[in-house]
Every structure is written in structure tokens, then in C-alpha cells.
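In this note's numbering, the protein residues as written are 9 to 279.
Using N, Cα and C, we set each Cβ at its ideal position, and we do this for glycine too.
Notes for the one structure printed next.
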Ligand code: ADP
């Protein structure tokens, strides 16, 4: 179902990002994401997927456009709205960003820091916090590892911890930046199945960047393809033809010969 037929959770209106060195990594981008949608971002390394995700959660500041979020009138402009948006927006990273010598439970509890005031962060975790963390650890199938050090876990298990840490935040938007890029194919599919099942069960909106086109076909409600900082494809997984794949993954030096055409953009969502 397209974003326009359901409640819009997130609306990017002409959002662009230019890094400090002057490099424009994201051209003005329009994108509407529906509540409960599982959106996959595809594109070669350097296409701008990470920059797009980071602009959504405020890790990089856009230099143009607006980000509108359901339930936050006025968009992500005021410091208050930005804080609230960040509280509701959880991120799963490729490299997990776990503290290896800490337990799984301690790592997952870190996800609750976003909802704690700075004063409250000085107090120990409450029993309710710990029970909540254990509940999400159980959801990702790692209850028996809750007190194990994170660095004793396999790559797939560590990413499950990364997912649990995001979920404990109680988000309504989940962003995942190449969450399975460093895993072998079978483990990658297992971790993505878990993430997808949880998002669907909780009606959680997700934007997930992936390298693997086959995984996009399996899990995406809709695919957004990027190249050189621009959205060049937007459509259903079934519309991911070989031509689209070539457009997304062709080497940059052939870009002029394969510049995006109307036929490769089945559905464009404009502001
Ligand atoms: P992807 O996630 O698709 O691999 P990125 O968003 O990481 O792409 O990068 C897009 C472009 O922006 C690349 O050319 C990359 O080198 C550049 N880039 C990424 N981060 C920075 C940064 N902090 N400063 C300058 N350029 C950056």
C-alpha cells in the first residue's frame, strides 16, 4: 500500500544535506513514509543512504527542507520537537555500537537513556526498567544471554542486542543503517526476519538500508533506491527489475549513460 493511502508518519520535504567539506551528500529529497510501513533503502556504497537516515534522526543537520513527523505540529524545528522526535526515533547500526565488556542487559538499558532526564541518568536503573529490558531481550531470543558480556556473543546475536536496545526505547519510528551488512547470508536473513516480524507485530514504522537486493525483495513493503545523493527509484519490490538494479549499482563513471529515466521511477511521492 502506498504512503498516500495510509496515515503519513514521516514526511521529508526537499531535505538536503551538505557536509562541512562542501560535499552535498543528499540532494533535495521528498519522501513520505506511512505508519507501519517497512521501507527499504537500496543503493551502492556512498549513495547517501546513511546520510538520509541520519538527517531523519538529527545526527546530521539538513541544510534545506523540512521534516514533518506525525504528532509533532510544526515539524522537527524547535529544540523541544527535535528532542521529542529523537526520543521516539530509535536507530540500529551496522556495527552494533555495543559496549563489549558490559552485559547484554546493561547494553539494552542504554536504549532507555534517551527517555531519561539528565538528572535521572545519575540514578541506578529501576526494577521496572530492568524488567522492561529483559522483556525485549526475550523478544529477540536472548534471555539466556542477558547477563553475558556482549563481546562473547556472535555477530548475529550482537545485532539482536542492537535491536533490543532500539526497542526498549519504545520508538514509533525505527531506523536501521545496514543492520545486516556484516553478517553471513543465513544469519542476515534470520536477523532481518526478526526485525521485520517485530515491526509488523508492533505496527512500527521502519526505514532500513540494505546492500542486498534479495533481502529487499523479501521484506520491503516499498523500496527507495538512491544514487549519488538522489532518490532514483521508488516502487514495490516486484518493480525492482534488472534495469533498476543496474541503475543503482552501475559504477559512477557510467552514470551519464544510465541516468534515471521516468520508466525507472514507478511511484514518485512529492510533497
Ligand atoms: P551510503 O550510506 O549510501 O554508503 P553515505 O550517506 O555514507 O552513503 O555517504 C554519501 C556521501 O557522503 C559519500 O560520498 C560519503 O563519502 C560522503 N560523506 C559521508 N559522511 C560524510 C562526512 N561526515 N563528511 C563528508 N562527507 C561525508
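Asked	Found
Quick one: give me the first and last residue of the beta strand (DSSP E) that residue 215 is part of.	213-218
CB-CB under 8 Å to residue 36, same chain, minus the five flanking residues each way: which ones, in chain order?	22, 23, 24, 72 and 73
Say yes only if the C-beta of residue 280 is nearer than 7 Å to one or more non-hydrogen atoms of the ligand ADP, and no if none qualify.	Nothing about residue 280 can be read from this structure; the chain reaches only from 9 to 279.
From residue 204 to residue 191, what does the alpha carbon distance come to, in whole angstroms?	17 Å
Return yes when at least one heavy atom of the ligand ADP lies under 7 Å from the C-beta of residue 257, else no.	no
Are there 16 or more other CB atoms within 10 angstroms of the CB of residue 173, so buried, or fewer, so exposed?	buried
Within 10 Å of its beta-carbon, does residue 121 have 16 or more other beta-carbons around it, so buried, or fewer, so exposed?	exposed
Exposed or buried, what is residue 69 when buried is set at 16 or more other beta-carbons lying within 10 Å of its beta-carbon?	exposed
Would you check if there are 3 or more beta carbon pairs closer than 8 Å linking the region 196-213 to the region 29-49?	yes
Are the beta-carbon atoms belonging to residue 186 and residue 102 less than 8 Å from one another?	yes
Would the region 86-106 and the region 51-70 be scored as touching if the rule is three or more Cβ pairs under 8 Å?	yes
Starting from residue 63, follow the alpha helix (DSSP H) in both directions and report where the run begins and ends.	57-64
Could you please give the first and the last residue of the uninterrupted beta strand (DSSP E) stretch that includes residue 34?	32-42
What does the shell around the ligand ADP hold, if a residue joins when its beta-carbon is under 6 Å from any heavy atom?	27, 29, 31, 33, 51, 53, 54, 55, 56, 57, 58 and 59
Look at the alpha carbon of residue 95 and the alpha carbon of residue 59, and state the distance between them as a whole number of angstroms.	19 Å
Which residues share a DSSP beta bridge with residue 164?	Bridge partners of residue 164: none, in fact.
Report the residue from 158, 166 and 179 whose alpha carbon sits nearest the alpha carbon of residue 198.	166
Assign residue 251 to one of three DSSP states: helix, strand, or coil.	helix
According to the neighbour-count rule (16 or more other Cβ atoms, all chains shown, within 10 Å of its Cβ), is residue 218 buried or exposed?	buried
To the nearest whole angstrom, what separates the beta carbons of residue 163 and residue 111, a pair I think is in contact under 8 Å?	Going by Cβ atoms, the distance from residue 163 to residue 111 rounds to 18 Å, so no, they are not a contact pair.
In terms of residue numbering, what span does the alpha helix (DSSP H) encompassing residue 137 cover?	135-147
Who are the near neighbours of residue 56 in its chain, counting only those whose CB is closer than 6 Å to its CB and skipping five residues on each side?	33, 34, 234 and 237
Using beta carbons (cut-off 8 Å, strictly below), is residue 251 in contact with chain B?	You won't find chain B in this structure, because it holds only one protein chain.
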